[in-house]
Amino acid sequence: MNYTKSKELQKKSHALIPGGAHTYAKGDDQYPEMAPGFLERGKGSHVWDLDGNEFIEYGMGLRSVTLGHAYEPVVEAAYRQMQLGINFNRPSSIEVECAEKLIGIIDGAEMAKFAKNGSDATTAAVKLARAYTGRDMVAVCEDHPFFSVDDWFIGTTEMSAGIPKSFSELTVKFHYNDIESVKALFSTYPNRIACLFMEAERLDPPKDDFLHKVKQICHENGALLIFDEIVTGFRWHLGGAQKYHGVTPDLSTFGKAMGNGFSIAALVGKREIMELGGFQHNRERVFLLSTTYGAETHALAAAIATMKVYEQEPVIEHLYRQGERLARGVNQSVQEHHLEGYFGVIGKPCSLFFFTRDLNYQPSQPMRTLFMQEIIKRGILAPSLIVSYSHTDSDIDRTVEAINEALFIYRKALDEGYEKYLVGSPVKPAVRKYS
Ligand SMILES: Cc1ncc(COP(=O)(O)O)c(C=O)c1O
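Going by this note's numbering, 366 is the number at position 352 of the sequence shown; the sequence numbering is gapless.
Right under this line is the structure:
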């Protein structure tokens with residue numbers, strides 16, 4: 015691979031943009047030295063960089079592009095809508111149409127409010143829970159990596175510069191599948207916790223009826239249960255992880271897969287809570303998600319078109335099937351190279367990640383970087399192993415082959431030291447460390 019143009023433009027991007035990119039997870043410090051610096055074009059599961067190199071991509075668009083890049087029915091719906099104008103002084107009927115579609119799909123949705131990104135939706139959920147309960151504390155799941163760019167969450171991470179301590183002190187933590195940690199919070203902070211905020215599932219499935227129990231404990235203590243479905247929504251099941259696990263939360267948030275990469279997210283939930291954001295009641299009104307671009311019509315058209323594809327085609331079955339095919343192939347390579355415990359795939363087939371550990375079985379950023387470097391060399395761009403509806407059998411088979419070759423190098427690097435094989439510095443960890 016030749017990255018001449020990318021390397022040249024990276025100098026300029028860092029001079030003009032703090033971090034060189036507008037999204038943390040896309041930054042140069044998240045990728046090996048020998049990686050494409052700029053992606054210019056995508057079709058289906060393939061992308062092309064500034065230098066014309068082609069890659070099969072995984073976890074596309076930070077897991078938002080679930081159907082595939084430039085997916086025609088979605089692009090066409092957005093384009094048709096754009097030609098009618100995208101933003102007016104009063105709402106458009108498509109706002110009602112999109113709300114009706116989403117509410118028809120998600121069990122826990124009696125009302126919906128749209129936003130442009132997931133963080134706005136999750137922050138709005140927290141604000142609504144605080145207003146509804148009249149309490150100020152929020153309990154977040156410590157084992158889930160990301161909920162929002164806003165202070166109530168980022169203040170609890172290792173990158174909390176610029177956030178007053180008094181904000182982050184209102185956020186407390188519990189552990190997934192640890193019901194005692196949930197009970198302990200309610201006994202330490204009686205009548206102070208407005209909501210429990212979590213993904214219904216991430217890597218490990220719920221154990222011992224954890225989700226039902228959490229819901230019951232929340233309600234016994236006057237708090238709301240909020241599921242962040244920004245990753246799980248339209249992926250675990252058409253109706254989200256709440257449908258998959260049969261637990262309906264009070265509020266939930268959707269984004270990413272909902273618009274196949276278009277900027278659209280949603281807060282949904284029970285009417286009696288959601289309606290505080292309106293004015294057909296005599297309680298204090300919550301200033302809930304009001305932004306200039308909140309209901310850009312083409313993003314709503316994209317979301318409606320995307321949701322129709324999920325309803326009419328076997329998208330989610332495909333994600334599970336291809337994820338299983340990939341996991342099977344990778345697991346075989348892991349055995350072949352005697353890498354059990356050092357490298358592996360984790361998570362649900364529809365949402366696969368990989369772990370990279372050193373000789374002491376400790377999580378290793380250098381080994382992660384080396385693995386990424388070796389698959390990138392072989393035409394695979396994969397910060398995770400999350401597939402889309404566009405990943406074909408042949409994409410998966412090519413990926414398994416590339417990973418098999420990369421794991422041969424991984425084994426040698428474990429035995430001989432990664433320094434011999436890695437070009438440049440190890441990647442930086444994600445914003446929040448988690449298990
Ligand atoms: C589970 C989860 N919640 C919330 C967010 C925030 O979404 P956005 O980046 O659209 O603000 C993310 C983003 O990665 C996420 O993974």
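All C-beta atoms, glycine included, are put in the ideal place defined by N, C-alpha and C. Source: prediction; values computed, not measured.
message: Any heavy atom of ligand 1 inside 7 Å of the beta-carbon of F161?
response: The residue labelled residue 161 in the question sits at position 147 within the sequence shown. Indeed, a heavy atom of ligand 1 lies less than 7 Å from the Cβ.
Beta-carbon gap between L265 and A139 smaller than 8 Å: Stepping through the sequence shown from its first residue, residue 265 is reached at position 251. Stepping through the sequence shown from its first residue, residue 139 is reached at position 125. Result yes, Cβ atoms of L265 and A139 sit closer than 8 Å.
query: Counting Cβ pairs closer than 8 Å, one from the segment 187-195 and one from the segment 113-125, do we hit at least three?
result: no
query: Does ligand 3 have even one heavy atom less than 7 Å from the beta-carbon of T185?
result: The ligand content of the structure shown is limited to ligand 1, which means ligand 3 is not among them.
task: List the residues that DSSP assigns as beta-bridge partners of W62.
output: Start at 1 with the first residue of the sequence shown, and residue 62 comes out as number 48. In DSSP, W62 forms a bridge with R55, E68.
Touch test, the segment 338-345 against the segment 310-330, Cβ-Cβ under 8 Å, three pairs minimum: no
query: Comparing alpha-carbon positions, which option in H233, P220, H312 lies nearest N101?
result: Sequence index remark: in the sequence shown, residue 101 carries index 87 (1-based). The option with the nearest alpha carbon to N101 is H312.
- prompt: Does DSSP put H36 in a helix, a strand or coil?
  reply: The residue you call residue 36 lines up with position 22 of the sequence shown. H36: coil per DSSP, three-state reduction.
message: Between A396, G355, G337, which has its C-alpha nearest I70's C-alpha?
response: For the purposes of this step, residue 70 is identified with residue 56 of the sequence shown, where counting begins at 1. Of the listed residues, the one whose Cα sits closest to I70 is A396.
Local Cβ density within 10 Å of R55, reported as buried at 16 or more and exposed below that: On the sequence shown, position 41 is the one that residue 55 refers to. Result: exposed.
- prompt: Sorry if obvious, but does the Cβ on H140 come closer than 7 Å to a heavy atom of ligand 1?
  reply: Along the sequence shown, read from residue 1 onward, the residue named residue 140 stands at position 126. For clarity, residue 140 is Val in the given sequence; the question names His instead. No, the beta carbon of V140 sits no closer than 7 Å to any heavy atom of ligand 1.
query: Which of helix, strand or coil does DSSP assign to Y448?
result: For the purposes of this step, residue 448 is taken as residue 434 along the sequence shown, with counting starting at 1. Note on Y448: pLDDT 40, under 50, position unreliable in the model; the coordinate value appears next. Three-state DSSP puts Y448 in coil, outside helix and strand.
message: What does DSSP give as the partner residue(s) for L265 in the beta ladder?
response: As a first step, residue 265 must be located in the sequence shown, where it is residue number 251. I240, G283.
query: Can we say the segment 175-191 touches the segment 235-243, given the rule of at least three CB pairs closer than 8 Å?
result: no
task: Could you tell me if the beta carbon of G132 falls within a distance shorter than 7 Å of some heavy atom in ligand 1?
output: As a first step, residue 132 must be located in the sequence shown, where it is residue number 118. Under cutoff, so the answer is yes.
query: Within the present structure, is the beta-carbon of E90 separated from the nearest heavy atom of ligand 1 by less than 7 Å?
result: Here the question's residue 90 lines up with position 76 in the sequence shown. No, the beta carbon of E90 sits no closer than 7 Å to any heavy atom of ligand 1.
field: Length of the line joining the Cα atoms of S449 and A135
entry: Within the sequence shown, residue 449 is the residue found at index 435, counting from 1. Within the sequence shown, residue 135 is the residue found at index 121, counting from 1. Reliability of the predicted coordinates at S449 is poor, the pLDDT of 31 falling under 50, and no value is obtained from them.
query: Among residues of its own chain, excluding the 5 on either side of I108, which ones have a beta-carbon nearer than 6 Å to its beta-carbon?
result: The residue labelled residue 108 in the question sits at position 94 within the sequence shown. Excluding residues within five positions, the ones whose Cβ falls inside 6 Å are T311, L314.
message: Looking only at its chain, what residues have a beta carbon closer than 7 Å to the beta carbon of L199, apart from the 5 residues adjacent to it on each side?
response: Taking the first residue of the sequence shown as 1, we reach residue 199 at position 185. A153, V186, F188, I207, listed in sequence order.
query: Any heavy atom of ligand 1 within a distance shorter than 7 Å of the CB on A279?
result: Translated into positions along the sequence shown, residue 279 becomes position 265. Result yes, Cβ under 7 Å from ligand 1.
query: What do you reckon, is the C-beta of T136 under 7 Å from a heavy atom of ligand 1?
result: Position 122 of the sequence shown, counting from 1, holds the residue named residue 136. Under cutoff, so the answer is yes.
task: Please list the segments of the beta strand (DSSP E) lying wholly inside the segment 324-368, counting only runs of 3 or more residues, in order along the chain.
output: 357-362
query: Per DSSP, G247 forms a beta bridge with which residues?
result: Locating residue 247 in the sequence shown gives position 233, counting from the first residue. DSSP output for G247 lists H251 as bridge partner(s).
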